[in-house]
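In this note's numbering, the protein residues as written are 1 to 265.
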Amino acid sequence: MGAGGPGGPGAVKPQADGVFDRDVFLLRQQLLKISEKYDVADEQGKKLVFVERPAHLLRNVGAILAGIAAAAVVGMGFAVLADMAKGSAYESVLGMFAVVGAFVALFAVGIALSAKRHVTFYRDQTKRAKLLEVLQDRKWQPITATYTVRDAAGRTLARLWKNYLYNLIRKRWYVKAPDGTTLYLAKEDSVILSLLRRLIGPLMGILRTNFIIVRGDSEDVVGEFNRKFTILDRYVLDLKADRNRLFDRRVALALGVMLDTGERR
Numbered sequence: 001m002g003a004g005g006p007g008g009p010g011a012v013k014p015q016a017d018g019v020f021d022r023d024v025f026l027l028r029q030q031l032l033k034i035s036e037k038y039d040v041a042d043e044q045g046k047k048l049v050f051v052e053r054p055a056h057l058l059r060n061v062g063a064i065l066a067g068i069a070a071a072a073v074v075g076m077g078f079a080v081l082a083d084m085a086k087g088s089a090y091e092s093v094l095g096m097f098a099v100v101g102a103f104v105a106l107f108a109v110g111i112a113l114s115a116k117r118h119v120t121f122y123r124d125q126t127k128r129a130k131l132l133e134v135l136q137d138r139k140w141q142p143i144t145a146t147y148t149v150r151d152a153a154g155r156t157l158a159r160l161w162k163n164y165l166y167n168l169i170r171k172r173w174y175v176k177a178p179d180g181t182t183l184y185l186a187k188e189d190s191v192i193l194s195l196l197r198r199l200i201g202p203l204m205g206i207l208r209t210n211f212i213i214v215r216g217d218s219e220d221v222v223g224e225f226n227r228k229f230t231i232l233d234r235y236v237l238d239l240k241a242d243r244n245r246l247f248d249r250r251v252a253l254a255l256g257v258m259l260d261t262g263e264r265r
């Protein structure tokens, strides 16, 4: 924890790179882009990091078309068999298999051929120097979603985890150590506000989604992730409460980006 404990006096933990050696990050999503792109700046607006999450549009469209083709082949195959078994006890069973098989083929082929959407952090928009990456662990994540945060050398720093069922009430993102220990938790700022957001929607941005970040299973707040009151996607990751910088700023910034792109906001 450090000599002073969480938030108390003590040595400030040095960060791995100077661009992360700060407490406040401003995030701005670039508009009118197929892929998701962010500029990360300091409090004065100086750009520090460029972030990109490719959409892989052509590949994913191709995966959908291949899935549709596979569904048609499987469905037609069972339909032919059902027609051949017309009047027998197998006709209805084969007809059901035609429908179910088509859906299974659609999803199986579509998911198998689609691309994972990783997030990469670069020193600037030239993309020559990679600083960090967030890897999508699985293509299909219907209930839980996990992402691995790695440094430029490929070393695992942390894992980000969320459960879509929990998010029905209050959105939560867990930051876990490589061994699975929960280090931090980002959750919506208020249960009441989170329920209102579900019921009446964003309401023209008035009920914008903000998060507080706490340490482990405690209520010890180390930071906030707030959407600025604008029509554009602009956010502030404020970690001033973590004065000793025990929360690795690389992981914190990865979490901040995922609180936007991972929530499809």
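A virtual CB, placed ideally from N, CA and C, is assigned to each residue, including glycine. Since we're looking at a predicted model, the values are computed, not measured.
For the candidate residues Ile-212, Val-257, Thr-261 and Asp-233, whose alpha-carbon lies nearest to that of Asp-242?
Ile-212
Val-93 versus Ala-102 - alpha carbon distance:
14 angstroms
Thr-182 and Asn-163: beta carbons closer than 8 angstroms?
no
So what's Arg-277 in DSSP terms, helix, strand or just coil?
Absent from the model: residue 277. The displayed extent of the chain is 1 to 265, so no value can be given.
Is it a yes or a no for the stretch 236-253 touching the stretch 10-23, going by three-plus beta-carbon pairs under 8 angstroms?
yes
Quick one: any contact between the stretch 30-46 and the stretch 107-116, if contact means 3 or more CB pairs under 8 angstroms?
no
Asp-151 vs Arg-250 beta-carbon contact at 8 angstroms
yes
Taking the alpha-carbon positions, what's the Leu-193 to Thr-148 distance?
30 angstroms
Kindly provide the ranges of any alpha helix (DSSP H) runs that are 4 or more residues long and lie completely inside the stretch 51-98, ordered along the chain.
57-84
Please report how far the alpha carbon of Asp-260 lies from the alpha carbon of Trp-161, in whole angstroms.
14 angstroms
Which residue wins for smallest C-alpha separation from Leu-253, given the options Leu-27, Thr-209, Tyr-90 and Val-12?
Leu-27
On a Cα-Cα basis, can you pick out the residue from His-118, Tyr-90, Lys-13 and Leu-131 that is closest to Phe-50?
Leu-131
My guess is that Ala-266 and Gly-110 are in contact by the Cβ rule of under 8 angstroms, so how many angstroms apart are they, rounded?
Residue 266 lies beyond the range of the chain shown here (1 to 265); nothing can be said about it.
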